[in-house]
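For the record, in the sequence shown the residue sitting at position 52 is 76 according to my numbering, with numbers rising by one throughout.
Positions of the beta carbon are idealized from the N, C-alpha and C atoms, including for glycine.
These numbers come from a predicted model, not from an experiment.
The block underneath contains the structure these notes are about, expressed in structure tokens.
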Amino acid sequence: MDNSLLGLIGLARKAGRVEVGEEPVSIAARTHNAKLILLASDAAENTIRRAKSLGEIGNCPCLVSPFSKPELGGAVGRASCAVMALTEVGFAASTAKKLAQADPEQYGEAAGRLDHKAEKTYRRQKERKSKEKAIEARQHKPWAPPPKERRS
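Right under this line is the structure:
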């Protein structure tokens with residue numbers, strides 16, 4: 025689980041869907057872009073308190089991961105990382121699901137909430153795309169040859 029979860033976080037970072045550090049996480053939470061806030065297991069109490077407060081403000085789960093600061097930092101390309109926010113619901117749901125597989129009692133509720141959010145988001149995207157295709161199909165006129173010129 026450790027390598028696959030850290031690999032998933034690294035993939036999210038490469039996709040530009042991770043905010044690292046207290047200030048970027050704070051901005052993401054306040055603008056409701058944060059979908060999941062992850063804390064290192066050895067984060068300071070003050071950091072944990074602020075992150076949980078940001079989770080409430082941004083209406084997103086705030087979870088203490090089983091990884092230390094150097095482990096989380098390595099996943100996002102830094103020496104250490106105490107707090108990070110995943111800003112894409114698919115990555116957030118997958119991360120919470122992997123955490124819940126290891127400890128369902130601690131992470132199960134958050135994983136269920138994020139999975140439900142992800143399903144709703146993907147369903148909305150699919151509906152929007154089908155509506156756009158329908159509008160595009162109605163606007164599309166079949167090709168017709170130009171009218172022939174009459175010679176007089």
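Check: Unbroken alpha helix (DSSP H) run spanning GLU95, endpoints; Outcome: 93-99
Check: Segment limits, beta strand (DSSP E) that includes ALA109; Outcome: 107-110
Check: C-alpha distance - ALA118 paired with LEU63, whole-angstrom precision; Outcome: Per the sequence shown, residue 118 should be read as Ser rather than Ala. Each residue's alpha carbon lies about 16 Å from the other.
Check: Sufficient close CB pairs (3 or more, under 8 Å) joining the segment 52-61 to the segment 82-90; Outcome: yes
Check: Distance between GLY40 and LEU30 (C-alpha atoms, nearest Å); Outcome: 15 Å
Check: GLU46 versus VAL107 - alpha carbon distance; Outcome: 6 Å
Check: Expected contact under 8 Å - CB spacing of LYS93 and SER104 to nearest Å; Outcome: 4 Å
Check: Rounded separation between TYR131 and ALA124 - CA only; Outcome: 5 Å
Check: Buried or exposed by the 16-neighbour rule on C-beta atoms within 10 Å, applied to GLU95; Outcome: buried
Check: Cα-Cα separation, GLU160 to LEU110; Outcome: 34 Å
Check: Nearest candidate by alpha-carbon position, reference THR145, set GLU112, ARG37, THR55, GLU129; Outcome: GLU112
Check: Alpha carbon of ALA168 to alpha carbon of GLN149, nearest angstrom; Outcome: 34 Å
Check: Cβ-Cβ distance between PHE91 and SER65 below 8 Å; Outcome: yes
Check: Whole-angstrom distance between GLY34 and ALA99, CA atom to CA atom; Outcome: 5 Å
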